[in-house]
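In the UniProt record's numbering, the protein residues as written are 1 to 461.
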């Protein structure tokens, strides 16, 4: 049976009414393995053949690569050029983890994951979508800065408007880099890292639009990171306003978080800072006569999760980023606290487990409120409990899932795929004895109580 995989041109990532870009290279395949080379797709009207044969335009090694494995064919419409990928292999060309099948064709979009059998996985991106990377225009030539949206350890976030399109965006402005003569080298490295970040395309991840490095004098520079603007606040604010979330609401939000994390992990990207403040929400208001998409509030039609603030280490420096994490460790995995730079995607599973705990009861599993031992030692030893009465009405399957995520040994901890397949995530019942109730040594402070306390402290003269 023939597999039809052609996408309509309306589904490609092209903005309408944009003039054609002319480059010798039309697209780039970013290897998800940082140690391996990227592939450039040249503009060749006759098509670009990939395979093991010396006659191919792009040669790949590997016994599972066919002599003529696949072909990129160039075409265009009124607004842009695009590429179609045709599978010519016996071992398979994969697009977004689905085998294309010999003789079948698909129109490629920026952000598609492409794999040639087992000989390498890449993220595809059109260079026409990377004008902010290939050009060196000033941020202020392209955007008008507006009011401040927030501030953090590393940067200030402000609203801005695109001078050409009028689109409203969020801009994260990082504090000046004062590396002196190394600044130029850092800028080059940052631009290379940005190419991969710009290729990310997922509905549950805040979209990177562009970035600029502006000199500020005295061998210093400021980085402007342009992002999709998400208008409905953070998950943190939702938890604070409600004290805790209902289990069905938590599950509906959590499935989206897992989808976004799975996408990042599939591209060898570790977030490392999963917490309620970095989960943004895009809320669509309820419409008369239209059923909501999930167990949302009475005024809400849909609530879309957007993961934010991944890849920050690329902009602030690895050491500074890790030191900041370890300075506020409530969501940090024990292996990060113990040995700093040696960890895997499992660190995000730990943080997501802490997040799930917080959503369901309103306070974190590890806290200095529960000392002794210290919060750091609680994390390093995996010392936590499901305290009564806060957990008395929560399902056994939720407790079971958290218990399998908050495992100190990363090799025994679930991965994101396993979390997605757990009975709680799939809304399946688990039968068995309930977890025993434990009385907290002191009354835990909820996020709501802590936020109110800190707000009152700030308002004191």
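Cβ atoms here follow ideal geometry from the backbone N, Cα and C, with glycine treated the same way. Computed from a predicted structure; not experimentally measured.
- For the pair residue 206 and residue 230, the CB atoms are nearer than the 8 Å cut-off.
- Cβ-Cβ separation between residue 258 and residue 419: approximately 6 Å, consistent with a contact (criterion under 8 Å).
- Annotated as distal: residue 92 and residue 31, with beta-carbon spacing of 8 Å or more.
- Nearest neighbour of residue 309 by Cα position, chosen from 334, 391, 173 and 222, turns out to be 173.
- For the 8 Å CB-CB criterion, residue 161 and residue 148 do not form a contact.
- Per DSSP, residue 140 has no beta-bridge partner at all.
- Secondary structure note for residue 36: it is in no alpha helix (DSSP H), with a DSSP letter that is neither H nor E.
- Residue pairing by DSSP places residue 162 opposite 143 in a beta bridge.
- Residue 174: member of the beta strand (DSSP E) spanning 168–174, first to last residue.
- Sixteen is the threshold: when 16 or more other Cβ atoms of the shown chains lie within 10 Å of the Cβ of residue 111, as they do, the residue is buried.
- The DSSP-derived three-state label of residue 42 is strand.
- Annotation for residue 115: no alpha helix (DSSP H) segment contains it, though the beta strand (DSSP E) segment containing it runs 113–116.
- Residue 445 carries a coil assignment under DSSP once its states are collapsed to helix, strand and coil.
- Assigned with DSSP and collapsed to three states, residue 50 falls in strand.
- Between residue 261 and residue 416, the C-beta gap is smaller than 8 Å, which places the two residues in contact.
- Of 361, 380, 376 and 382, the smallest CA-CA separation from residue 444 is found for 361.
- Between residue 75 and residue 223, the alpha-carbon positions lie close to 36 Å from each other.
- Going by DSSP, residue 384 is part of no beta strand (DSSP E) at all; its letter is neither H nor E.
- Apart from sequence neighbours up to five positions away, the residues of its chain that approach residue 277 with a beta-carbon distance below 6 Å are 234 and 236, ordered along the chain.
- Residue 61 sits away from residue 87, with the two beta carbons spaced by 8 Å or more.
- Residue 155 sits in a strand when the DSSP states are folded into three classes.
- For residue 405, the uninterrupted alpha helix (DSSP H) run begins and ends at 396–405, by DSSP.
- Going by beta carbons, residue 72 and residue 51 fall outside the 8 Å limit.
- Going by DSSP, residue 81 is part of the beta strand (DSSP E) stretching over 81–87.
- Across the set 122, 241 and 426, the C-alpha of 122 shows the shortest separation from the C-alpha of residue 267.
- Put simply, of 272, 154, 255 and 232 the residue whose alpha carbon is nearest the alpha carbon of residue 350 is 272.
- Taking the CA atoms as reference points, residue 283 sits about 6 Å from residue 232.
- Distances from the CA of residue 398 to each of 384, 410, 425 and 381 were compared; the closest alpha carbon is that of 425.
- Assignment of beta-bridge partners to residue 302 by DSSP yields 284.
- Contact between residue 170 and residue 83 fails: their C-beta atoms lie close to 31 Å from each other, not under 8 Å.
- In chain order, 282 place their CB closer than 6 Å to the CB of residue 304, counting only its own chain and leaving out the 5 sequence neighbours on each side.
- DSSP places residue 73 in the strand class (E or B) of the three-state scheme.
- Going by beta carbons, residue 331 and residue 356 fall outside the 8 Å limit.
- Close CB contacts of residue 125 within its chain, under the 6 Å cut and outside five residues either way in sequence, are with 28, 110 and 199 (chain order).
- In the DSSP annotation of this structure, residue 267 is not part of any beta strand (DSSP E), being labelled neither H nor E.
- Beyond the five residues adjoining it in sequence on each side, residue 292 comes within less than 6 Å, by CB distance, of 301 in the same chain, given in chain order.
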